[in-house]
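Inspection log for the structure reproduced underneath, given as structure tokens.
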Amino acid sequence: AADRNLLGLRFPEKYGGRGLPWTSEIIALEEVGILGTSLGCLYSLVSIVGEAINCFGTEKLKEKYLRPTIEGRLTAAEALTEPRGGSDFFGATCTARKEGDHYILNGQKRFVVGAEGADYFMVYARTDPGGPPHQSISAFLVDRSPAVRVEYLYDLMGTRGGGTGRLVFNDAAVPAENLLGEENGGGEIFYRMMIPERMTSAGGALGMSRAVLEIAARYSRRRKAFGTAIKNFQAVSFKIADSITLLDTARAIVYLAARSVDGRDSAARSRRLVSEAKKVSTENAWKVVNNAMQVLGGIGYTSVYPVEKMLRDVRLIMIWTGTNEIMDLIIQHEYYKELAEESSSKRDIEMDAPAADMADEKIFE
Numbered sequence: 298a299a300d301r302n303l304l305g306l307r308f309p310e311k312y313g314g315r316g317l318p319w320t321s322e323i324i325a326l327e328e329v330g331i332l333g334t335s336l337g338c339l340y341s342l343v344s345i346v347g348e349a350i351n352c353f354g355t356e357k358l359k360e361k362y363l364r365p366t367i368e369g370r371l372t373a374a375e376a377l378t379e380p381r382g383g384s385d386f387f388g389a390t391c392t393a394r395k396e397g398d399h400y401i402l403n404g405q406k407r408f409v410v411g412a413e414g415a416d417y418f419m420v421y422a423r424t425d426p427g428g429p430p431h432q433s434i435s436a437f438l439v440d441r442s443p444a445v446r447v448e449y450l451y452d453l454m455g456t457r458g459g460g461t462g463r464l465v466f467n468d469a470a471v472p473a474e475n476l477l478g479e480e481n482g483g484g485e486i487f488y489r490m491m492i493p494e495r496m497t498s499a500g501g502a503l504g505m506s507r508a509v510l511e512i513a514a515r516y517s518r519r520r521k522a523f524g525t526a527i528k529n530f531q532a533v534s535f536k537i538a539d540s541i542t543l544l545d546t547a548r549a550i551v552y553l554a555a556r557s558v559d560g561r562d563s564a565a566r567s568r569r570l571v572s573e574a575k576k577v578s579t580e581n582a583w584k585v586v587n588n589a590m591q592v593l594g595g596i597g598y599t600s601v602y603p604v605e606k607m608l609r610d611v612r613l614i615m616i617w618t619g620t621n622e623i624m625d626l627i628i629q630h631e632y633y634k635e636l637a638e639e640s641s642s643k644r645d646i647e648m649d650a651p652a653a654d655m656a657d658e659k660i661f662e
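So this is what it looks like as structure tokens:
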């Protein structure tokens, strides 16, 4: 991918990127997604960690980390989740204590994709333990060193090629210049990072859906039962039709979200659409893979076809980069925010009702 300049497509050309929009990167993410989540996650980390460096890193950090990452000379990983929980980001207990021109990191992070082989990590740590949770976390770029130990690698259900493990930071000295953004400004970075994290998951889900749909459709044309191709049985053809619709629906919302982020939509609308894209694409991918498994029958449950691998892989992306239940929270929260902002400037459609003026019937308490 690096040899073909396919890493970091959205980043400026001066750092080795192509300066392309999200709508272009989704195309690449879908193609990589066909290969499953192991390669998909590792490919996405360039976009995820690169976003933080590009938006919040100094020029020196961009030259030291972003450029070689885009060129494929360095590999990155994101260390966010802790043993105590994942969705409760601001409850992080990993600490970074300032000592002279370094920060001393202590703590643990788990489910770090790339823990086994990454050259450096983007790490969130608490820099003001006594401060408000939303104003006491900072983000750092931490090089691999003896003070950064891979405690163990996880034996995962799927995504087995991502080198996912638990990291332990034991008095890891990080140069102060490796701080991203401002001290205690990790919350702003975290919220910004939710865009690339969820968009990359959505793009990868499209690839997995497309791959298994093609496998199932081709199989249904070739496999015969009772003297005819099984695609001629409604029970089979309707599963294919369902999968086609699920994929096209997901693709529509993913590209709508991409155009929103690329364009001038409000931040609330973009966050909502990105969350919808992640939720819909991953849940639809799960359904498409399950349909494919049913079409293939017993042979689909073996390693003769990659459907069983995709079934194991796709289950992760409904959890990774924020569970789909968290997506639901964001979707409704941002919609209510949009509603409040727009209600003062739009015509009140409630007044279209014939008896809209019966105020005594509009009781809310």
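Heads up, the final residue of the sequence shown is numbered 662 in my numbering, and it's a clean run with no missing numbers.
All residues carry an ideal CB built from backbone N, CA and C; glycine is no exception.
- For A565, which residues of its own chain have a beta-carbon under 6 Å away from its beta-carbon, when the five flanking residues on both sides are left out? E631, K634, E635
- Hey, how far is the Cα of G347 from the Cα of L377? 15 Å
- Item | Nearest to D416 (by Cα), restricted to the options P430, G427, A574, L363 | L363
- Using DSSP with H/G/I as helix, E/B as strand and the rest coil, what is E448? strand
- Message: Let me confirm a value: I537 is counted as buried when at least 16 other C-beta atoms fall within 10 Å, else exposed. Which label applies?
- Response: buried
- With 16 as the cutoff for other CB atoms within 10 Å, does F466 come out buried or exposed? buried
- Query: Helix, strand or coil: how does DSSP classify K584 here?
  - Reply: helix
- Task: Take every Cβ of the region 605–612, pair it with every Cβ of the region 548–562, and state whether three or more of those distances are shorter than 8 Å.
- Result: no
- Please find out if some non-hydrogen atom of the ligand FMN comes closer than 7 Å to the beta-carbon of G428. For the ligand FMN, the structure offers nothing, since it holds no ligand at all.
- Are there three or more Cβ pairs, one per stretch, closer than 8 Å when the region 350–370 is compared with the region 584–599? no
- Message: In this structure, how does DSSP classify S341 when only helix, strand and coil are distinguished?
- Response: helix
- Per-residue burial, Y488 [other beta carbons within 10 Å of its own, 16 or more giving buried]: exposed
- Which term fits A652, buried or exposed, when burial requires 16 or more other beta carbons within 10 angstroms of its beta carbon? exposed
- Would you mind working out which of H431, G404, A422, P430 sits nearest F687, comparing C-alpha positions? In the structure displayed, the chain extends from 298 to 662; residue 687 sits before or after that span and is not available.
- Determine the contact status of V343 and A373, defining contact as a CB-CB distance below 8 Å. yes
- If we ignore side chains and look at the alpha-carbon of each, how far apart do V471 and A349 end up? 17 Å
- Count the C-beta pairs between the region 304–313 and the region 471–487 that are closer than 8 Å, then say yes if the count reaches three, no if not. no
- Please confirm whether G330 and G501 have their CB atoms less than 8 Å apart. yes
- Message: Using 8 Å as the cut-off, can you tell me whether the region 378–393 makes contact with the region 517–528, which would need three or more C-beta pairs spanning the two stretches below that distance?
- Response: no
- Whose C-beta lies closer than 8 Å to the C-beta of T390 among residues of the same chain, with five residues either side of it excluded? E379, R381, G404, R423
- Item | chain D within 8 Å of N529, Cβ atoms only | Judged by its chain identifiers, the structure shown contains no chain D, having just a single protein chain.
- Within this structure, are the beta carbons of E328 and G455 separated by less than 8 Å? no
- Query: Do the region 395–404 and the region 447–463 meet, that is, are 3 or more Cβ pairs less than 8 Å apart?
  - Reply: no
- Task: Answer with buried or exposed for M655, where buried requires no fewer than 16 other C-beta atoms within 10 angstroms of its C-beta.
- Result: exposed
- Enumerate in chain order the residues of its own chain whose CB-to-CB distance from P426 is below 8 Å, with the five nearest sequence positions on each side excluded. T392, S433
- Task: Could you spell out the range, first to last residue, of the alpha helix (DSSP H) harbouring Y552?
- Result: 531–559
- Inter-stretch contact (C-beta, 8 Å, three-pair minimum) for the region 440–450 and the region 309–329: no
- Would the beta-carbon of S572 fall within 8 Å of that of R495? yes
- Query: If you compare alpha carbons, which of S567, R370, S563 is closest to E638?
  - Reply: S563
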